[in-house]
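Protein sequence lines correspond, in order, to chains D and E.
Just so we're on the same page, my numbering is the position in the first sequence counted from 1, plus 31.
Just so we're on the same page, my numbering is the position in the second sequence counted from 1, plus 31.
Using N, Cα and C, we set each Cβ at its ideal position, and we do this for glycine too.
There are 2 protein chains.
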Amino acid sequence: MYRTHTCGELRAAHIGQNVTLAGWVQTVRKFGSITFIDLRDRYGITQLLFGEELNKELAENPLGREFVLQAKGKVNERTSKNPQLATGDIEILVQSFTILNKAATPPFTIQDDTDGGDDLRMKYRYLDLRRQAVKKNLELRYAVNRAARNYLHENNFMDLETPFLIKSTPEGARDFVVPSRMNPGQFYALPQSPQTFKQLLMVSGYDRYYQIVKCFRDEDLRADRQPEFTQIDCEMSFVEQEDILAMFEGMVKYIFKAVKNIDYTATVERMTWENAMWQFGNDKPDIRFGMKILNLKSAFTVGGKLLATGELINGAGFGVFDNAETVLAISVPGCSEYTRKQTDELTDWVKRPQIGMQGLVYIKYNADGSLKSSVDKFYPEDKLRAIAEAAGAQKGDLLLLLAGREERTRKAMSELRLEMGKRLGLRKEDEFKLLWVLDFPLFEYAEDENRWVARHHPFTSPKPSDINVMIDNSPVIENAEKYLEHPYNHIKANAYDMVLNGNEIGGGSIRIYQRELQEKMFAALGMSPEEALHKFGFLLGAFEYGAPPHGGIAFGFDRLCAILGGSESIRDFIAFPKNNSGRDVMLDAPSTIDDKQLVELSIRLSVDNVGRENA
Amino acid sequence: MYRTHTCGELRAAHIGQNVTLAGWVQTVRKFGSITFIDLRDRYGITQLLFGEELNKELAENPLGREFVLQAKGKVNERTSKNPQLATGDIEILVQSFTILNKAATPPFTIQDDTDGGDDLRMKYRYLDLRRQAVKKNLELRYAVNRAARNYLHENNFMDLETPFLIKSTPEGARDFVVPSRMNPGQFYALPQSPQTFKQLLMVSGYDRYYQIVKCFRDEDLRADRQPEFTQIDCEMSFVEQEDILAMFEGMVKYIFKAVKNIDYTATVERMTWENAMWQFGNDKPDIRFGMKILNLKSAFTVGGKLLATGELINGAGFGVFDNAETVLAISVPGCSEYTRKQTDELTDWVKRPQIGMQGLVYIKYNADGSLKSSVDKFYPEDKLRAIAEAAGAQKGDLLLLLAGREERTRKAMSELRLEMGKRLGLRKEDEFKLLWVLDFPLFEYAEDENRWVARHHPFTSPKPSDINVMIDNSPVIENAEKYLEHPYNHIKANAYDMVLNGNEIGGGSIRIYQRELQEKMFAALGMSPEEALHKFGFLLGAFEYGAPPHGGIAFGFDRLCAILGGSESIRDFIAFPKNNSGRDVMLDAPSTIDDKQLVELSIRLSVDNVGRENA
């Protein structure tokens with residue numbers, strides 16, 4: 032071993048001992064005839080002191096930043112201790128040293144606030160990984176990994192590996208495929224998830240399965256997507272929804288405790304998908320703060336009185352509200368004193384193309400109880416007060432209203448709510464609020480193909496009470512215009528998403544385990560019986576031989592780590608991520624391959640390529 | 032939850048409790064008006080008793096094997112207890128039951144000794160996985176996984192995930208490749224191992240890395256190879272060979288204790304590659320038994336006297352020995368009384384094409400001290416005795432001698448030794464003997480290309496004392512006939528293999544961490560500087576910025592599990608293995624993909640394919 036101790040280990044108790052350390056030169060500070068060097072490794076930093084004699088040797092072998100150094104010496108008490116540093120009580124009086132490896136000047140500084148841009152840091156990722164900020168993220172990732180495994184182990188789950196070279200059954204996202212040399216013209220696919228395998232393991236009786244596993248999706252990458260990503264993938268037999276919710280909120284709480292030392296004792300809140308969509312404008316509400324959305328075009332109760340649809344706003348002569356499909360309001364706490372400039376700025380904000388609204392209406396519910404609005408020529412003060420109170424406003428609050436087509440307005444209001452939450456500091460990085468979103472629709476309607484698509488995936492079971500609705504009705508949509516009236520449109524899924532601070536961190540469902548129901552599902556998605564058999568014959572077959580009721584969940588491991596680490600970006604929590612074009616710029620991958628490889632794989636390129644003739 | 036207890040849980044202490052169980056029907060036994068059912072789940076088997084009344088209901092809803100059943104009832108003391116069964120003290124007096132799912136008759140019996148052939152069991156792997164024998168294997172696999180992780184965690188290793196979509200740099204085995212849709216004409220490769228990534232992590236200062244990770248090799252599959260396999264992959268910084276050996280024999284001993292409750296307190300033996308090859312005929316000796324090979328054509332010492340090369344056998348008029356490049360002997364304990372029939376059978380055995388010898392010479396060292404041999408017309412008794420004693424034979428042993436070309440004879444003798452060990456019951460499934468094989472040659476000579484190839488891989492360091500031999504000499508082989516005399520032929524690798532019961536379970540090396548030496552290595556393998564830079568520029572670059580001395584090891588996880596489970600076949604220890612053609616017969620993968628997929632990936636097939644026009 033090149034060292035007797037790590038650079039994070041030595042304390043006052045070691046004073047007088049002879050030690051050997053090895054690590055990287057973080058800083059070199061010369062003071063006349065002596066030199067101080069901070070030596071760094073994974074575990075910490077230790078100060079080395081080079082006295083007069085060694086200083087000469089140092090002059091002949093100058094040490095630069097990031098040199099790899101081995102130093103032997105005696106642990107001394109420091110004259111001026113550094114309480115910021117775990118090893119701050121001591122320093123090493125160096126007796127001899129060896130330069131284990133030199134280092135060129137790094138292309139950016141190895142510091143928390145580096146001067147390296149994104150591209151440079153990705154190209155030299157092995158240097159970026161040295162920065163404390165990145166190391167902390169990967170340490171957190173490992174801690175989450177370890178905690179999840181410990182919890183699942185204690186609860187009788189088994190880590191069972193599923194294959195990576197499987198069959199291409201594109202549903203939803205695109206598969207990455209792998210040409211088979213031994214089976215010319217045929218391809219494996221990389222798994223988008225181990226979904227069908229974990230179900231087979233339930234059929235096999237393994238009862239509680241988990242895996243922390245890479246999955247692959249060949250999608251056009253958005254800002255924070257990766258073509259390969261990691262899931263905590265779990266499945267259980269003989270369970271109902273309630274059992275899964277209990278088991279996995281337990282897991283997340285266990286992770287909170289193990290990784291962040293947070294006692295999450297509160298009950299995890301639950302919300303139907305319907306409520307999430309209407310009260311928060313999306314299916315993954317950030318419930319660290321309120322500002323629930325009020326739909327003024329719906330019927331609702333206020334002060335114990337049921338109001339008719341649109342009663343508070345319709346017919347006042349304000350055409351924008353009268354004609355809008357939806358009018359939504361939120362009450363922003365303590366902002367009634369916003370200036371004209373501030374409300375104008377908010378109006379501009381919602382008019383940006385990303386939000387796409389025509390305008391913004393405000394109502395100030397002033398501290399003195401008076402009300403002022405951008406639309407007070409249409410609505411007298413008592414109407415404004417009624418609206419404000421219906422939206423749950425207190426004196427001193429500012430109401431913001433958006434009007435337009437339902438889907439877009441809801442989305443815009445969701446964004447506006449999050450923006451106001453952010454501006455008011457209500458989305459605290461160190462506050463964690465879990466939420467289960469339940470009762471999703473099982474199907475969505477695909478207009479272009481006039482068919483149903485599975486909202487979650489084709490293996491999700493309907494709610495027990497909806498199973499017969501599915502079995503007894505044909506999925507065929509005779510009249511596309513009236514798809515809303517089709518019985519399939521009302522079927523709820525036995526599915527659940529776990530949301531943390533406005534991010535979906537996990538999702539799952541109770542699965543179909545009856546062949547007949549699974550066949551019906553495939554048919555509903557527009558698959559012919561032959562196609563279903565070709566793609567999923569093994570699963571349909573398995574359901575014939577004693578499949579138990581089962582369900583599961585998968586957590587987005589990268590995302591979970593990012594949120595626990597207080598970051599928006601999953602890339603910071605992946606050792607070797609790809610960029611937005613799916614490239615690894617460090618490796619320069621993907622890349623061309625040899626013609627010999629193409630020939631062996633029985634494929635040809637159908638594009639011209641740099642330095643290669645098209646076959 | 033569909034159950035209150037598992038089928039392995041109930042004991043006498045539960046008598047009188049009302050419980051609900053769920054599981055699979057293992058057996059149905061009718062006795063007049065009552066029926067016994069053994070209900071099975073992952074945890075065990077519990078006997079259910081259906082009394083007279085329920086028996087009628089059973090008659091209307093007959094239960095078959097592998098039906099999924101939920102039963103509610105009371106825990107009763109059994110009149111005749113079954114000490115073979117953990118739950119054998121009790122049975123459930125069933126009060127009501129629900130058939131959760133029916134089961135068709137399985138295509139083979141779900142029993143340890145199944146009637147299903149290999150192909151059938153692979154097609155219905157989800158049923159095969161239900162068999163106790165297979166379940167035990169996967170449970171062992173998980174136990175090994177868990178133990179390895181615990182040990183590595185306790186020793187400060189971090190599980191850090193490395194990417195699966197990387198760059199194709201074929202060296203040795205073939206890469207599986209993945210066409211990139213977003214980068215037309217370019218391909219990712221699946222990793223053959225995370226080798227370069229774990230080295231980069233060392234450069235990044237992560238110090239102790241591990242991963243239990245899938246790796247991929249597109250090789251022509253031999254009997255017990257899989258295109259995807261799992262490694263316990265580890266790397267450490269600031270270490271020398273001795274540190275790695277200590278750390279990882281510690282790990283394997285920890286696994287022995289955790290998984291098999293074996294206290295492996297003995298020192299792990301060590302052997303040079305040279306000795307392994309000459310004394311055991313291969314580089315992964317099974318040292319559970321002796322029968323070391325004696326090379327009668329070499330110079331060796333016997334009874335304190337140094338004999339000249341071939342002194343005991345040459346010049347006696349026996350041309351086979353005189354002319355042979357190598358004459359090898361082993362002494363088989365206690366077999367001097369083998370009959371003519373038995374020695375003839377052994378002769379036939381070595382003449383089989385798989386072994387390929389011309390014949391077999393025997394010397395019987397009889398219990399009375401006399402000697403008898405198939406070649407005693409050439410060798411008087413005192414010569415035979417000298418040979419016997421040189422080979423370490425005792426009275427009562429049988430010496431077996433093979434002669435021929437060195438490599439083939441050594442291989443044949445290795446096989447014969449293992450065969451005799453097996454026949455004599457010396458290769459005990461429940462005895463475990465670890466061995467480190469050390470001091471491998473760094474290079475092998477590739478005759479067809481007149482160049483060096485790396486015996487381990489191109490990142491393995493030479494022994495410290497051989498580094499300058501490598502730096503100071505040109506790798507070019509001017510005279511192919513004299514390659515044995517080239518300095519590179521004598522360079523030893525800083526590499527080590529761990530052998531368990533005659534199987535290589537792990538291998539690794541201290542790595543090159545200096546750019547100059549790594550470049551020399553690439554040049555020695557026949558890579559131009561441009562090619563080296565194109566393929567491994569990132570690694571060469573990394574070595575410029577302060578790479579620490581480091582080394583590591585990778586264990587073949589599938590193989591390790593198989594040996595610990597007392598099996599020769601890794602397939603039995605993989606949940607969803609592929610067959611010898613690399614096919615998953617359950618999924619029917621690989622398979623053809625849609626033309627749309629091919630178009631998106633900018634590739635065309637260069638073979639005709641069933642049901643597809645060639646592009």
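- Residue state for K414 (chain D) is assigned as helix, using DSSP reduced to three classes.
- In this structure, I502 (chain D) keeps its C-beta atom at 9 Å or more from the C-beta atom of A526 (chain D).
- Pairing R482 (chain E) with E412 (chain E), the inter-Cα distance amounts to about 49 Å.
- Within 10 angstroms of the beta-carbon of A179 (chain E) lie 16 or more other beta-carbons, which makes it buried.
- Using beta-carbon distances, F279 (chain E) does not count as an interface residue toward chain D, since no partner is under 9 Å.
- A direct Cα-Cα distance of roughly 13 Å separates A563 (chain E) from L618 (chain D).
- Each of E:Y219, E:I130, E:R73 was checked against the Cα of E91 (chain E), and the nearest Cα belongs to E:I130.
- The continuous alpha helix (DSSP H) containing M501 (chain E) extends over residues 498 to 503.
- D:N504 is the residue among D:A511, D:M529, D:N504 whose C-alpha sits nearest the C-alpha of P518 (chain D).
- Around the CB of F287 (chain D), 16 or more other CB atoms lie within 10 Å, so the residue is classed as buried.
- In terms of beta-carbon proximity, W55 (chain E) lines the interface with chain D, with at least one pair separated by less than 9 Å.
- Residue D:A398 holds the alpha-carbon nearest to the alpha-carbon of A419 (chain D) among D:G435, D:A398, D:T58.
- For C265 (chain E), the enclosing beta strand (DSSP E) stretches over residues 259 to 268.
- Segment contact: the segment 402 to 409 of chain D against the segment 332 to 339 of chain D, fewer than three CB-CB distances shorter than 8 Å; contact not assigned.
- DSSP places M451 (chain D) inside the alpha helix (DSSP H), whose first and last residues are 437 to 454.
- For a Cβ distance threshold of 7 Å, residue set W55, D72, R73, R161 of chain E lies close to G236 (chain D), ordered along the chain.
- Nearest Cα to T51 (chain D) within the set D:R60, D:I536, D:R34: D:R34.
- Of the candidates E:L570, E:W380, E:L632, the residue whose Cα lies closest to the Cα of M233 (chain E) is E:L570.
- Comparing alpha carbon positions, the residue from E:L183, E:I386, E:A164 closest to K442 (chain E) is E:I386.
- Looking from the CA of S598 (chain E), the closest CA among E:V106, E:Y157, E:V165 belongs to E:V165.
- In the DSSP annotation of this structure, the continuous segment of the beta strand (DSSP E) that includes Y527 (chain D) starts and ends at 526 to 531.
- By the neighbour-count criterion, in which 16 or more other beta carbons inside 10 Å mark a residue as buried, K328 (chain D) falls on the buried side.
- Excluding residues up to 5 positions away in sequence, I601, F604 lie with their Cβ nearer than 6 Å to the Cβ of A593 (chain E) in the same chain.
- Taking the Cα of R239 (chain D) as reference, the smallest distance to any Cα among D:F269, D:F247, D:P210, D:R248 is reached at D:F269.
- Closest in alpha carbon position to F228 (chain E), among D:C246, D:P608, D:A524, is D:P608.
- For M302 (chain D), the secondary structure class from DSSP, reduced to helix, strand or coil, is strand.
- Inter-segment contact for the segment 62 to 80 of chain D and the segment 298 to 310 of chain E is absent: fewer than three beta-carbon pairs are separated by less than 8 Å.
- For P210 (chain D), the pairing in a beta bridge is given by DSSP as D:F218.
- At a cut-off of 9 Å between beta-carbon atoms, P489 (chain E) makes no contact with chain D.
- Legend: CB atoms of the segment 594 to 619 of chain D lying less than 9 Å from CB atoms of chain E belong to residues I605, A606, F607, P608, K609, S612, G613, R614, D615, M617, L618, D619.
- Cα atoms of R253 (chain D) and N611 (chain D): separation of roughly 7 Å, rounded to the nearest angstrom.
- Proximity to F331 (chain E) across E:G423, E:R73, E:L548 peaks at E:G423, based on C-alpha coordinates.
- Shortest Cα-Cα distance from A524 (chain D) to any of D:E547, D:L548, D:M558, D:R486 involves D:R486.
- Between G539 (chain D) and C265 (chain D), the C-beta spacing is below 9 Å.
- For the segment 161 to 184 of chain D, the beta-carbon criterion of a distance under 9 Å to any beta-carbon of chain E is satisfied by R161, V165, K166, L169, E170, R172, Y173, N176, R177, R180, H184.
- Assignment of beta-bridge partners to Y240 (chain E) by DSSP yields E:M189, E:E266.
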